[in-house]
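Student: Questions regarding the structure given below will be posed in turn.
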Amino acid sequence: MDTLILAAEGPVNPVIPHTSEIILGLVAFLLLLFVIKKFVAPRFEALYEERTAKIEGGIEKAEQAQAEAQRALEQYKEQLAEARAEAARIRDDARAEGLQIVEELREQAQAESARIVAQGQHQLDAQRAQIVAELRADLGRTAVELASKVVGESLEDDARRRGTVDRFLNELDAVAAPAGK
Amino acid sequence: MTKLLASGSEFVAPGVKDFFLPPIFGSVTKPMVLLVLSIVIIAVFFIVATRNLKVVPGKFQFAAESLYDFGRNNIAREQIGAKDFKPFIPLVLTIFTFILVNNLFGLIPIVQFPTMSHIGFPLAVSLLVVYPVYHFVGFKRHGFVGYLKHQTVPPGAPWFVLPLLIPIEFFQKFILNPLTLAIRVFAAMFAGHLLLLVFTLAGEFLLLNGGITVIVAPVSFAFAIALTFLEALIMCLQAYIFALLSASYIGMALAEEH
Chain A
4 MDTLILAAEG
14 PVNPVIPHTS
24 EIILGLVAFL
34 LLLFVIKKFV
44 APRFEALYEE
54 RTAKIEGGIE
64 KAEQAQAEAQ
74 RALEQYKEQL
84 AEARAEAARI
94 RDDARAEGLQ
104 IVEELREQAQ
114 AESARIVAQG
124 QHQLDAQRAQ
134 IVAELRADLG
144 RTAVELASKV
154 VGESLEDDAR
164 RRGTVDRFLN
174 ELDAVAAPAG
184 K
Chain B
11 MTKLLASGSE
21 FVAPGVKDFF
31 LPPIFGSVTK
41 PMVLLVLSIV
51 IIAVFFIVAT
61 RNLKVVPGKF
71 QFAAESLYDF
81 GRNNIAREQI
91 GAKDFKPFIP
101 LVLTIFTFIL
111 VNNLFGLIPI
121 VQFPTMSHIG
131 FPLAVSLLVV
141 YPVYHFVGFK
151 RHGFVGYLKH
161 QTVPPGAPWF
171 VLPLLIPIEF
181 FQKFILNPLT
191 LAIRVFAAMF
201 AGHLLLLVFT
211 LAGEFLLLNG
221 GITVIVAPVS
231 FAFAIALTFL
241 EALIMCLQAY
251 IFALLSASYI
261 GMALAEEH
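So the sequence lines, in the order shown, correspond to chains A and B.
Numbering (my numbering) for the first sequence: 4 to 184.
Numbering (my numbering) for the second sequence: 11 to 268.
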């Protein structure tokens, strides 16, 4: 009943390979292998390499950018610290300078005032001495005139006259001194 | 075809004959056409997908890239090692996609035939491609005697078991490996397709040949659908295993030590 189809070929053993199938299988397989080896695999491998390179390049670039940012940050910090130090230094300098100026001015003022006082004193002393000398001379003359008028005679003897006047003045000094002091 | 089988009132179970359909024209059969179709599909898919690759992939590129990545990183690099795997990426990727698409043909409507259920096709790949490749790279890496020793004498084996071990290892590495590689996927596809046929044809038979058995027909169809999902898993799994083992053989041939 089933021999209708296979009558021409007789019984078939499926484990026995057909030569034509082996040849065709081999040729087809080798053809496919050729296509894949020649066109497919190289393209994929090239793609993989490109992808690897891109990823690695990306990572490298990112690392570079990070390093650069780090460098910039450090530089910035350094500059900031420098600026701070400089500001502090300037402030200190200014303070010191200010103190110095005040000190100098004070010294100058003191010296000036001392000088003015000393000058005044000196002037006063000189005027006083002058006045005393003038007064003394005046007083001597006046006294002598007065005395000569009182006595009515001229005191001829210079030596005696001088001694008298001097004695009188000394007495006068002794009286005036406690009052002048 | 099903008409022929189910024409009588007696159910005729599907069998080997269903895998060997008459040629479409000349001596060209359905699996041959499918095989050629599969390589066209894969080649066009990858060439279109890789025509304009972007560093940031679109959806389509992402799909192709995932597939390539799977062959490259999950299979080739894992099995062969990061040092040597680069030249074998195309081979592993070709094996994986080739087997996968040909298996999935078993599920696609109208096509519905897993090409790999004809042993000739997986045998061509395992015996004529994978087998020579891994022995060739092995001989090249270790020298003729060195490679034979490398493959047949496991390190650390006591000397007195060597007379027993060497023939076994030799038999396995040089004769059995390529055969089992091909038979594994062939048997899985053959059995899977047969199972689907059984449930689908049984369902049809129950439905058409009346009587009380009509009630059971949906159960049969439900099983066929459930098995379809299972088959989808197995098809992907078999493609993965084929590629994985091929890569593993290459890796073992290249390894410095076992």
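Glycine included, each C-beta is placed from N, C-alpha and C at the ideal position.
1. Helix, strand or coil for F146 (chain B)? Go by DSSP, reduced to three states.
2. Does the CB of V143 (chain B) have a neighbour CB from chain A at under 8 Å?
3. Here's the rule: buried if 16 or more other CB atoms are within 10 angstroms of the residue's CB, otherwise exposed. What is F146 (chain B)?
4. What does K57 (chain A) touch in chain B if you count any residue whose Cβ is under 8 Å from its own?
5. In this structure, what does DSSP give as the bridge partners for F35 (chain B)?
6. Which residues of the region 38-56 of chain A have a Cβ closer than 7 Å to any Cβ of chain B? Give them in chain order.
7. If we cut at 8 Å on Cβ distances, does T104 (chain B) have a partner in chain A?
8. Quick one: does I25 (chain A) have its CB under 8 Å from some CB of chain B?
9. Skipping 5 residues on each side, what residues in its chain have a beta carbon closer than 8 Å to that of P67 (chain B)?
10. Measuring alpha carbon to alpha carbon, tell me which of B:H152, B:F21, B:L117, B:V135 ends up nearest M199 (chain B).
11. Output yes if chain A places a C-beta closer than 8 Å to the C-beta of L240 (chain B); else output no.
12. So, using beta-carbon positions, are L53 (chain A) and V65 (chain B) closer together than 8 Å?
13. I need the straight-line Cα distance from A112 (chain A) to Q122 (chain A), nearest angstrom please.
14. Within 8 Å (strictly less), CB to CB, does A65 (chain A) reach chain B?
15. Using a Cβ-Cβ distance cut-off of 8 Å, determine whether A134 (chain B) contacts chain A.
16. Check whether chain A comes within 8 Å of K27 (chain B), counting only Cβ atoms and requiring the distance to be less than that.
17. A92 (chain B) CB to nearest chain A CB: under 8 Å?
18. For F180 (chain B), which of helix, strand or coil comes out of DSSP?
19. Could you confirm whether any beta carbon from chain B is found closer than 8 Å to the beta carbon of A31 (chain A)?
20. Determine the DSSP secondary structure at A59 (chain B), reduced to helix, strand or coil.
21. Kindly say whether G61 (chain A), judged by its beta-carbon, lies nearer than 8 Å to any beta-carbon of chain B.
22. Relative to the alpha-carbon of K183 (chain B), which residue among B:Y157, B:R194, B:A201 has its alpha-carbon at the smallest distance?
23. Where does F72 (chain B) land, buried or exposed, given buried means 16+ other C-beta within 10 angstroms?
24. Can you name the residues of chain A whose CB is closer than 9 Å to the CB of L101 (chain B)?
25. Assign E20 (chain B) to one of two classes, buried (16 or more other C-beta atoms within 10 Å of its C-beta) or exposed (fewer than that).
26. For V15 (chain A), decide whether its Cβ has a neighbour in chain B, counting only Cβ atoms nearer than 8 Å.
27. How is the alpha helix (DSSP H) around R194 (chain B) delimited, first residue to last?
28. Considering M126 (chain B), what are the terminal residues of the alpha helix (DSSP H) in which it resides?
29. Does the structure place the region 193-213 of chain B close enough to the region 230-244 of chain B that three or more beta carbon pairs sit under 8 Å?
30. Considering just the uninterrupted stretch of the alpha helix (DSSP H) at V66 (chain B), what are its terminal residues?
Tutor: Put simply:
1. helix
2. Not one chain A Cβ lies under 8 Å of V143 (chain B).
3. The residue in question, F146 (chain B), is exposed, as its Cβ has fewer than 16 Cβ neighbours within 10 Å.
4. V65
5. B:V38
6. V38, I39, K40, F42, V43, A44, R46, F47, L50, E53, R54
7. yes
8. yes
9. E75
10. B:L117
11. no
12. Note that residue 53 (chain A) is Glu in the sequence shown here, rather than Leu. In this structure, V65 (chain B) lies closer than 8 Å to E53 (chain A) by Cβ.
13. 15 Å
14. For A65 (chain A), the closest Cβ of chain B is not nearer than 8 Å.
15. yes
16. yes
17. Closer than 8 Å to the CB of A92 (chain B) there is not a single CB belonging to chain A.
18. F180 (chain B): helix per DSSP, three-state reduction.
19. It does: the Cβ of A31 (chain A) has a partner Cβ on chain B nearer than 8 Å.
20. Helix, per DSSP.
21. no
22. Of the candidates B:Y157, B:R194, B:A201, the one whose C-alpha sits nearest the C-alpha of K183 (chain B) is B:Y157.
23. Exposed, since its Cβ has fewer than 16 Cβ neighbours within 10 Å.
24. L36, I39, K40
25. exposed
26. yes
27. 187-218
28. Counting along the chain, M126 (chain B) falls outside any alpha helix (DSSP H), and DSSP gives it neither H nor E.
29. yes
30. Element bounds for V66 (chain B): n/a, residue is neither H nor E.
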